[in-house]
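Taking full-length UniProt numbering, the leading residue of the sequence shown gets 1, the next gets one more, and so forth. Think of the CB as a built atom: it goes at the ideal place given N, C-alpha and C, for glycine as much as any other residue.
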Amino acid sequence: ARTCVGTPYYLSPEICENRPYNNKTDIWGLGCVLYELCCLRHPFEGSSLRQLVSKICRGHFPPVSVQYSHSL
């Protein structure tokens, strides 16, 4: 697939880098939603789309609270 549709906060690195993607992109988006449910914030935030995409591609985000299991 080669389309680019969705909420920017849940875009996978593959989509951000204009590379082909597959079902793993859906798992990435689900992970972003689960993070948001646990932390009450997006895993990646930016003041512009460019900054958001850069953070997604680097893949660094604040850890989930220690009240949740490490395997989460």
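Best match in the options for proximity to residue i [C-alpha to C-alpha]
i   : options          : result
P62 : Q51, E14 and E45 : E45
C57 : W28, Y68 and C38 : W28
Range covered by the alpha helix (DSSP H) that runs through residue i
i   : result
P43 : Looking at the DSSP string, P43 is not in any alpha helix (DSSP H), and its letter there is neither H nor E.
I13 : Note that residue 13 corresponds to Pro in the displayed sequence, not to Ile. Here the alpha helix (DSSP H) through P13 covers P13 to C16.
Straight-line gap, residue i to residue j (C-alpha atoms, nearest Å)
i   : j   : result
R41 : L30 : 14 angstroms
R19 : P13 : 8 angstroms
S71 : H60 : 17 angstroms
C38 : Q67 : 10 angstroms
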